[in-house]
Amino acid sequence: MTPRQSRSDARVPLLRGPGGEQILAITSVIAAVQMIWGLLAPILPAFAGSLGVSSGQIGMLVAGFGLGRVAVNIPAGIIGRRVNRYWLFVGGAIVVVLASAVSGFAATFWELLALRVLGGMAGGVAITTGQSLLADSTNDQTRARAMSVLQGFQLAGGSVGPAVGAFVAGAWGLAAPFFVSGIYCSCLVLWLLLRRPLRQGLAAVHHSAARSSAKTAGSMAGRSFITICMVGFATFYCRFGIQQTLVPLIAYQVVGLSVKQLGLALSGIAILNVACALFLAGLSDRVGRKRVIVTSLLGVAAATFVYAFHLGTVAFLVVLAFYGIFSSIGGGTPAAYVADIARGPQRGPAIGIYRTCGDVAGIVGPVIVGYAVDVNLGIAVGVSVAVTVIAAAAFGVLARETVPLAQPSRGKDSTSSSSPESALRAASASTRHPISPAPPSVAAPTSIADARRMAGVTPVDNGTSAIS
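Note that my numbering has the sequence shown beginning at 20, numbered continuously upward.
Given below as structure tokens:
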């Protein structure tokens with residue numbers, strides 16, 4: 020596809036173009052799954068405390084959910100090569116809803132832990148297969164826009180979820196959010212099941228990808244895939260280790276913000292992230308994946324470095340906004356890059372591996388940052404900056420660009436000029452560096468006069484030349 024066609028595709032409204040309903044359905048269901056997790060996040064410690072569990076056991080409940088996702092990301096991608104990913108996607112969403120609802124009836128710690136792990140596994144299946152379907156529903160010129168819209172929807176769901184959960188718990192008790200959490204997701208699943216054109220379209224996307232003849236056997240062993248997995252690790256490390264662990268610790272211990280003030284600040288940053296993710300959706304479709312990813316990581320690293328200094332309230336909020344903007348610039352571009360380099364039957368396992376790297380970072384990041392802060396804030400900041408910069412440098416140097424960029428116009432090609440001198444130079448060059456043998460009936464010009472005749476130039480009486 021030419022750069023001009025690429026720019027033309029980038030101007031087509033994403034959700035109104037071909038496959039727009041499929042993209043909307045996939046992104047909405049994944050966002051609904053994310054909203055379930057966000058809705059239960061502030062309720063889980065209090066609900067678990069009502070069962071008489073310890074703080075360590077509450078930590079196990081949080082970690083068990085993440086471990087469930089890690090355990091199934093890669094298997095879900097592999098199974099999706101043989102089983103229709105539409106049904107895996109729908110089935111995973113249904114199990115997430117059921118596991119969340121049944122958790123409200125849990126009477127012991129072990130029952131709640133088992134349901135948390137089950138919910139994490141089902142969510143891993145839904146998101147991995149959903150991202151694979153989303154990648155196959157788009158092309159190289161619209162994929163980053165779709166992934167950015169997905170991230171915007173996920174951020175919105177994660178932002179709205181805690182507020183809804185707190186309101187429902189305050190009105191109807193701690194168990195109520197577990198029952199309410201899946202209502203919206205259930206409605207979307209019914210939409211997927213009952214709307215026949217949508218169901219058939221998503222099933223057809225799977226079959227079309229399964230028949231792909233793209234040769235990608237080596238794509239997951241190359242430098243590009245290894246470095247984008249490093250990017251995925253760094254991205255999730257930033258999200259869970261920096262934004263959700265380091266930032267609150269700095270806000271409370273250094274800046275002196277209250278819980279309410281930090282909550283308002285993080286809510287504002289979340290809204291900013293959603294706006295930036297949607298506004299900048301598809302940026303990498305126009306300027307290239309590598310530029311966007313490297314710029315985003317380096318901007319995040321710069322903002323994180325500033326956290327090492329003792330900041331006042333205003334400076335802290337400015338840096339927090341700066342961090343949010345640069346983290347949003349990357350958006351869904353890394354996931355789009357994974358889909359670019361892993362095509363056909365390799366796409367599902369590749370997305371599973373990429374998400375596993377991210378989920379592992381989501382587990383170890385908060386632990387590393389927490390223990391580092393206990394030693395020294397500078398160490399925690401330094402480790403976080405190092406993780407981000409190393410990933411950016413490795414990806415920037417070793418990965419290949421997957422989006423063809425428009426070449427600047429350089430005017431008329433000199434070899435296409437009709438001047439006889441240009442024709443002679445071009446002919447001489449082709450004689451020295453032949454590309455293919457010339458037809459026997461066409462002889463290369465050997466003089467200016469021959470070149471004039473071949474260029475269609477005829478002499479006129481006044482001694483000048485004219486194009487015939």
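Don't be surprised by glycine CBs; every beta carbon is placed ideally from N, CA and C.
With 16 other Cβ atoms within 10 Å as the buried cut-off, status of residue i
i	result
Ser437	In this prediction, Ser437 scores a pLDDT of 40, lower than 50, which makes its location untrustworthy; the coordinate-derived value is nonetheless stated afterwards. Under this definition Ser437 is an exposed residue.
Tyr326	buried
Ala165	buried
Arg305	buried
Cys376	buried
Asp378	buried
Gln272	exposed
Ala470	Interpretation of Ala470 is limited by its pLDDT of 45, a score under 50 that renders its predicted location unreliable; no figure is taken from the coordinates.
Ile261	buried
Ala442	Because the pLDDT of Ala442 is 41, which lies under 50, any placement of that residue in the model is unreliable, and the number read from its coordinates should be weighed accordingly. By the 10 Å Cβ count, Ala442 comes out buried.
Ala65	exposed
Arg308	buried
Ser346	buried
Pro1	Residue 1 is absent from the structure shown; the chain starts at 20 and stops at 487.
Val72	buried
Trp56	buried
Gly430	Residue confidence for Gly430 is low, a pLDDT of 45 falling below 50, so the modelled location carries little weight and cannot support an answer.
Ala259	It should be pointed out that residue 259 corresponds to Phe in this sequence rather than to Ala. The residue is buried, with at least 16 neighbouring Cβ atoms inside 10 Å.
Lys315	According to the sequence displayed, residue 315 carries Ser and not Lys. With 16 or more Cβ atoms within 10 Å of its Cβ, Ser315 is classed as buried.
Thr148	buried
Thr407	buried
Thr332	exposed
Ala405	exposed
Phe328	exposed
Gly349	buried
Phe414	buried
Val250	buried
Thr127	exposed
Leu276	buried
Span of the alpha helix (DSSP H) around residue i
i	result
Cys204	202-213
Ile261	No alpha helix (DSSP H) contains Ile261, which DSSP labels as neither H nor E.
Ser47	39-59
Lys310	In the sequence under discussion, the amino acid at residue 310 is Arg, which differs from the Lys named in the question. Per DSSP, Arg310 belongs to the alpha helix (DSSP H) from 308-325.
Thr352	352-360
Phe124	Here Phe124 belongs to no alpha helix (DSSP H), and DSSP marks it neither H nor E.
Gln173	162-191
Ser277	Note, Ser277: premise wrong, no alpha helix (DSSP H); not H, not E.
Gly367	366-394
Arg242	242-255
Pro64	63-69
Ser195	Reading off the sequence shown, one finds Ala at residue 195, where the question assumed Ser. Looking at the DSSP string, the run of the alpha helix (DSSP H) that includes Ala195 is 195-199.
Val266	266-269
Val338	332-349
| Is there contact here, the segment 110-117 with the segment 198-208, by at least three beta-carbon pairs under 8 Å? | yes
| request: Could you say if the segment 99-110 and the segment 141-153 meet the contact criterion of at least three C-beta pairs nearer than 8 Å? | output: yes
| query | Just checking, does the segment 279-295 make contact with the segment 399-407 on the three C-beta pairs under 8 Å criterion? | reply | no
| So does the segment 414-421 actually touch the segment 241-258, counting three or more Cβ pairs closer than 8 Å? | yes
| said: Under 8 Å: do the segment 157-176 and the segment 368-385 share three or more Cβ pairs, one atom per stretch? | reply: no
| query | Contact between the segment 73-84 and the segment 204-213: three or more CB pairs below 8 Å? | reply | no
| message | Any contact between the segment 209-217 and the segment 86-97? By contact I mean 3 or more CB pairs, one from each, below 8 Å. | response | Between the segment 209-217 and the segment 86-97, the count of Cβ pairs shorter than 8 Å is below three; the stretches do not touch.
| Is the segment 213-225 touching the segment 38-45, taking contact as three or more C-beta pairs under 8 Å? | Two segments are said to touch when three or more pairs of C-beta atoms, one from each, lie closer than 8 Å; by this definition the segment 213-225 touches the segment 38-45.
| request: Flag this pair as touching only if the segment 286-293 and the segment 383-393 have three or more C-beta atom pairs under 8 Å; answer yes or no. | output: Verdict: no, contact absent.
| message | Whether or not the segment 182-196 and the segment 47-62 are in contact is what I'm after, with contact meaning three or more pairs of Cβ atoms, one per stretch, closer than 8 Å; do they touch? | response | yes
| request: Kindly confirm or deny that the segment 354-370 and the segment 91-103 touch, where touching means at least three C-beta pairs closer than 8 Å. | output: yes
| query | Within the chosen definition, does the segment 309-323 reach the segment 333-348 through at least 3 CB pairs nearer than 8 Å? | reply | yes
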